[in-house]
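Student: One structure, as structure tokens, below. Some questions next.
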Amino acid sequence: MIKKKANIAVFISGRGTNLKALILRSKKKKCNYKVAYVISNKKNADGLKIAKKNKILTKILSRSFLKTEQKKLAKILINKNIKFICLAGFMKILSPYFINFFKNKIINIHPSLLPKYKGLNTHIRALKAKEKFSGCTIHYVSKKLDSGKIIAKKKVKILKKDSLKKLEKRVLKEENKLYPLVIEKLVRS
Ligand code: GRF
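In terms of our numbering, the sequence shown opens at residue 539 and continues consecutively.
Below is the structure:
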């Protein structure tokens with residue numbers, strides 16, 4: 539059994555399936571992390587309901603999320619002894635200040651096989667390009683969008699008759715499996 543679980547913070551903007559997967563795994567006795575804080579830049583994000591249901595502390599960011607607010611947030615995260623910040627569908631760009639402050643501590647999950655298809659609408663772009671595979675990537679966050687050091691990837695085969703919805707669903711399923719495992723591994727190392 540794990541004596542003391544490491545605290546992680548999860549940053550979201552939307553539905554929160556990755557958040558849910560991280561929380562579910564964290565409840566296992568053998569899991570070495572705990573979701574201690576959920577931060578959203580959208581006050582109506584569905585993921586916030588998941589956090590509240592699990593009695594996890596939440597925080598809503600202001601629309602502008604300027605440097606002073608980021609500095610304050612950094613302090614709060616340090617005080618809460620947060621070991622890793624996991625971005626899970628967080629649609630706001632973090633400032634270089636924040637990224638530097640938590641160097642190698644901010645992790646993101648992206649729905650493509652990076653370095654291919656950085657940015658938005660990854661699945662439709664992969665389908666249009668007639669790729670054989672799509673998938674997801676977990677990487678460290680750096681100042682350049684979706685370009686930090688890659689930690690793990692999971693390939694998903696694109697089927698002949700794939701629709702956007704079907705492909706997205708299969709990739710998301712893999713995201714939800716991979717993210718908790720990678721965080722456990724990072725906490726262990
Ligand atoms: C995921 O596809 C993730 O890779 C991307 O945004 C989506 C978030 O989904 N960065 P969810 O909110 O975790 O369900």
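A virtual CB, placed ideally from N, CA and C, is assigned to each residue, including glycine. All figures in this text were calculated on a predicted structure; none of them were measured in a lab.
Considering only their Cβ atoms, is the gap separating F622 from I645 smaller than 7 Å?
Tutor: yes
Student: Drop a sphere of 10 angstroms on the beta-carbon of Y717, count the other beta-carbons inside from all chains shown, and report buried for 16 or more, exposed for fewer.
Tutor: buried
Student: So what's G585 in DSSP terms, helix, strand or just coil?
Tutor: If DSSP states are grouped into helix, strand and coil, G585 belongs with the helices.
Student: Report the partner residues of N556 according to the DSSP bridge assignment.
Tutor: Per DSSP, none; premise fails for N556.
Student: Express the C-alpha separation of K698 and N545 in angstroms, rounding to a whole number.
Tutor: 42 Å
Student: For the candidate residues L658, K558, L625, whose alpha-carbon lies nearest to that of I577?
Tutor: L625
Student: Determine the closest residue to V694 out of H677, K681, E669, K682, with distance taken between C-alpha atoms.
Tutor: Ranking the options by Cα distance to V694, first place goes to E669.
Student: Have a look at F639, K681, I696, Y571 and flag the residue whose alpha-carbon is nearest the alpha-carbon of A667.
Tutor: I696
Student: Under DSSP, the beta strand (DSSP E) around L595 begins and ends at which residues?
Tutor: 595–598
Student: Take S551 as the anchor and find which of A664, A583, K591, I647 has the nearest alpha-carbon.
Tutor: A583
Student: Compare the C-alpha of M539 against each of I561, G554, L557, Y571 and name the closest.
Tutor: The option with the nearest alpha carbon to M539 is Y571.
Student: Counting along the chain, where does the beta strand (DSSP E) carrying N545 start and finish?
Tutor: 544–550
Student: Check this for me: beta carbons of N714 and T555, under 7 Å apart or not?
Tutor: Yes; because the gap between Cβ atoms is below 7 Å, this pair is in contact.
Student: Determine the burial state of K558: buried for a count of at least 16 other Cβ atoms within 10 Å of its Cβ, exposed for fewer.
Tutor: buried
Student: Under a three-way DSSP split, which group does A690 fall into?
Tutor: A690: strand per DSSP, three-state reduction.
Student: Could you give the residue range of the alpha helix (DSSP H) that holds F639?
Tutor: 634–639
Student: If I measure Cβ to Cβ from K590 and keep anything under 8 Å in the same chain, skipping five residues before and after, which residues do I get?
Tutor: T596
Student: Is T660 near the ligand GRF - that is, is its Cβ less than 6 Å away from at least one heavy atom of it?
Tutor: No; taking the cut-off as 6 Å, the Cβ of T660 has no heavy atom of the ligand GRF nearer than that.
Student: Measuring alpha carbon to alpha carbon, tell me which residue in A574, K567, L705 is nearest H661.
Tutor: Distances from the alpha-carbon of H661 to those of A574, K567, L705 put L705 closest.
Student: Quick check: does the Cβ of G760 come within less than 6 Å of any heavy atom belonging to the ligand GRF?
Tutor: One cannot answer for residue 760 here, as it falls past the ends of the chain, which runs 539 to 727.
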